[in-house]
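Each residue of the sequence shown is one higher than the one before, counting from 304 in this note's numbering.
Each residue gets a CB set at the ideal place from its N, CA and C atoms; glycine is no exception.
Small disclaimer: the values here were computed from a predicted structure and weren't measured.
Written below as structure tokens is the structure these notes are about.
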Amino acid sequence: MKNFYLILIIILVYSCSSKNVSSDEYEIINEAIAEIVQPYGMTSMSQEELTEIASANGISLSGSMSQKNVKIIQDAVAERRKFEFAVDDSIRQSYAEKVQSVLDLDSIKPKNNELPSALLDLSKIKSPEHYQRVDKPSGNGEYIGKIILNRPLIDKSGEKAFIMYCKSKSGKEQECYPRILTFKKRHNEWIRQD
């Protein structure tokens, strides 16, 4: 009878551990959100506004720009526009076999081949600087859209990860196209892999 209870406890602990979102998953989710909210192609800027931002920050618009200057301009635009975004309060389940060909490209061998959907603790979701997480558009800023995430698939080594997401202006999942991001862990920090 003791063995039965021991096995039951082990099964219970094991099954709960995959339903709870791990700290690594939250780190990956936060890094992914920081990348996803970038308004590539979703906002327009006049030449006058670009020139004003560049001159206010001592940036020359002739020739190519450094990544540092691009980031300065992106941050200035985000601060002016008051970008808002929403995050679904749950993350979708992930199945490694459905995305195996993509995982193979980055040599990711997931430690879990199937992860169930789970509720997010939204207090652990960080808003990137100059961006505000909202439940719905407030009308006081430029709404980027709603982000819908799948559970991150983390490699057996614990050093690589893959996350699938979609971003929809309307917030409807059927109106967004799935995209992926991959990450590597360097110096105990998840970094987006190009």
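- In this structure, the alpha-carbon of Pro455 lies about 14 angstroms from that of Pro481.
- Rounded to whole angstroms, the Cβ separation of Gly444 and Lys472 is 14 angstroms, and the two are not in contact under 8 angstroms.
- The DSSP-derived three-state label of Ser420 is coil.
- Taking 8 angstroms as the cut-off, the Cβ atoms of Ile331 and Ile466 count as close.
- Our two residues, Ser460 and Phe486, have alpha carbons roughly 13 angstroms apart in a direct line.
- Boundaries of the alpha helix (DSSP H) around Val405: Gln403 to Leu408.
- Apart from sequence neighbours up to five positions away, the residues of its chain that approach Gln396 with a beta-carbon distance below 8 angstroms are Glu417, Leu418, Pro419, Ser420, Asn453 and Arg454, ordered along the chain.
- Between the C-alpha atoms of Asn372 and Ala399 there is a straight-line separation of about 38 angstroms.
- Under DSSP, no beta-bridge partner is assigned to Met348.
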